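In what follows, a structure is listed as structure tokens, so that the remarks can point back to it.
Residue numbers (this note's numbering): 8 to 600.
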């Protein structure tokens with residue numbers, strides 16, 4: 008029934024079947040079939056009735072391995088390997104053996120034993136081998152089946168219907184055969200007649216083959232030559248790379264040599280100036296300063312540690328250190344000869360002596376200057392008895408003398424004697440403009456001479472293997488030193504501001520405006536950073552001027568309020584708290600503005 012239901016409709020012949028289920032899974036019976044035209048089919052029985060349906064099919068040529076699982080004992084399990092391994096368990100050993108024998112026969116007959124059989128008893132395969140010929144004949148014989156009467160009648164009807172056509176085709180075939188024979192004879196005659204041409208053609212072909220052989224030999228020679236040229240070019244390329252590397256190394260060496268010679272070279276003039284250490288005249292001092300700066304730049308050059316092992320560089324560095332020590336000794340001796348008892352206080356004495364001497368000098372000069380300014384402001388120059396002999400000997404330029412006050416003292420205009428607001432503005436602004444260059448010059452001199460600037464301190468700290476400079480040379484010491492030198496400047500300036508406030512009732516407003524404008528002007532100029540000490544002092548004076556202005560406003564508001572209450576007793580007998588607060592609010596708004 009399986010062959011009738013499944014294989015006959017597809018013109019296939021059933022050869023062998025085996026009832027199986029998948030190994031290791033829940034038992035669910037299936038039938039493996041070997042069919043005539045497409046062997047290796049799995050037929051699965053449906054749940055309803057006795058109908059079968061085909062679920063999978065595999066060509067026999069895709070079968071790679073048949074594994075019987077056990078040679079010595081009967082085993083119901085076996086494996087078939089197609090694209091993957093399929094494990095089956097047969098219902099009986101006879102069906103399993105019959106199925107494997109069928110596969111063995113088909114393998115030997117159609118596939119030249121390309122399928123591998125493993126773990127199968129040899130006796131079973133020998134029996135199959137002995138009976139293969141007979142089974143093959145029977146299979147061939149059984150391949151033909153007897154036609155039914157209906158099929159016979161249909162065949163006869165078709166033969167009768169197409170008999171004329173068959174006869175015509177046979178006649179056409181005979182005619183075609185005759186014509187082909189004629190053509191063959193004609194071709195043979197043409198070939199015989201063109202034998203000479205064929206001979207010439209064969210000769211030409213032989214010559215062409217000889218030429219091709221020569222060309223091949225020539226090409227082989229050229230190939231060998233090209234190989235030799237390639238080797239030579241490789242050698243040349245290696246040589247060029249070595250030359251390029253040599254040139255690169257030479258350029259690097261020359262750049263390093265130029266760097267060392269240009270940065271570690273100290274001129275003979277500078278060496279002589281440092282060796283002598285002569286500071287007796289300003290020109291020689293300038294020469295020593297230039298030489299010291301050049302030496303410092305040479306010693307601060309960053310070079311690789313390996314360069315210090317070179318003899319020339321080591322000698323140059325030793326020479327720099329020797330010149331530095333000699334100049335330091337000469338400079339210390341020179342300073343010691345100028346300042347008394349210098350050797351007792353090697354660190355703090357120069358600063359203290361300088362500040363103490365300069366503070367007394369500046370105190371005397373600043374007091375005289377502000378006294379003269381007050382007299383000029385109040386219009387009493389004759390009472391002062393000022394003459395040209397008041398400052399007959401100005402201070403040296405190296406310590407920033409008060410000679411810059413000469414325009415104020417000697418060039419005063421006669422119109423400055425009028426005590427009004429314009430007079431206060433002009434006088435205060437001129438005093439501030441005379442103080443600014445004095446403080447800036449003194450600060451710059453101290454920074455440069457004592458190396459108290461931030462850049463100088465950094466260079467000094469990096470000059471000796473990165474060690475920190477002594478605390479006394481720090482930048483924070485500069486404001487303290489300037490405060491000691493100009494100790495009398497701020498008190499005198501405060502006294503002068505008080506004098507300006509006494510000129511007129513609203514002079515404090517003019518003082519505040521003038522100071523504020525001058526501070527803004529200084530902040531916007533390039534001298535703002537150079538006059539940091541003066542900025543701090545003027546900031547304190549500006550606060551004083553604001554306080555004076557506040558006091559003046561309070562005084563004026565009290566006077567106005569009292570006058571307002573007393574002048575209108577009939578209409579406003581008393582001033583309420585809200586009105587008083589209104590006046591105070593006006594004053595507060597004016598103060599904030």
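In this text, a Cβ means the ideal position worked out from N, Cα and C, and glycines have one as well. All values reported here derive from a predicted model rather than from experimental measurement.
Membership of residue 85 in the beta strand (DSSP E) is indicated by the continuous run 84-88. The straight-line gap separating the alpha-carbon atoms of residue 542 and residue 526 is approximately 8 Å. Of all alpha-carbon atoms in 377, 231, 266, 484, the one lying nearest the alpha-carbon of residue 305 is that of 266. Cβ atoms of residue 124 and residue 73 come within 8 Å of each other, at about 5 Å. With respect to residue 281, residue 333 sits close: the two C-beta atoms are nearer than 8 Å. When DSSP reads this structure, residue 94 sits in a beta bridge with 86. By the 16-neighbour rule on beta-carbons within 10 angstroms, residue 166 is exposed.
Residue pairing of residue 73 in beta bridges, as defined by DSSP: 87, 124.
Between the stretch 492-499 and the stretch 514-528, the count of Cβ pairs shorter than 8 Å is below three; the stretches do not touch. Going by DSSP, residue 177 is part of the alpha helix (DSSP H) stretching over 170-200. For residue 524, the uninterrupted alpha helix (DSSP H) run begins and ends at 514-531, by DSSP. In the assembly as shown, residue 565 is an exposed residue. Its beta-carbon has fewer than 16 other beta-carbons within 10 Å. Contact between residue 25 and residue 89 is ruled out by a C-beta separation of about 16 Å, above the 8 Å threshold.
Measuring C-alpha to C-alpha distances from residue 375 to each of 342, 326, 438, 344 identifies 438 as the nearest. Burial check for residue 64: the Cβ neighbour count within 10 Å stays below 16, so the residue is exposed. Short of 7 Å from the beta carbon of residue 373, and not among the five residues preceding or following it, lie these beta carbons of its own chain, in chain order: 495, 496, 499. Spanning the alpha carbons of residue 444 and residue 383 requires a straight line of approximately 21 Å. Per DSSP, residue 361 has no beta-bridge partner at all. According to DSSP, residue pairing for residue 32 in a beta bridge does not occur. Excluding its 5 nearest sequence neighbours in each direction, residue 314 has C-beta neighbours in its own chain below 6 Å: 320, listed in chain order. Under the three-pair Cβ rule at 8 Å, the stretch 79-88 counts as touching the stretch 97-105. Within the stretch 290-354, the runs of alpha helix (DSSP H) at least 4 residues long that lie entirely inside it are, in chain order, 318-345.
Per the coordinates, the alpha-carbon of residue 457 lies some 42 Å from the alpha-carbon of residue 509.
Comparing C-alpha distances from residue 104 to each of 114, 75, 120, 122 shows the shortest one belongs to 75. In this structure residue 489 is in contact with residue 540, their Cβ atoms being roughly 4 Å apart against a cut-off of 8 Å. For the set 310, 278, 307, 309, the Cα lying nearest the Cα of residue 297 is the one of 278. Excluding its 5 nearest sequence neighbours in each direction, residue 294 has C-beta neighbours in its own chain below 6 Å: 280, listed in chain order. Counting along the chain, no alpha helix (DSSP H) covers residue 155, and no H or E run does either.
Measuring C-alpha to C-alpha distances from residue 358 to each of 326, 271, 491 identifies 491 as the nearest. By a beta-carbon distance limit of 8 Å, residue 556 does not contact residue 522. Their separation comes to about 10 Å. Residue 428 and residue 558 have their C-alpha atoms spaced approximately 18 Å apart.
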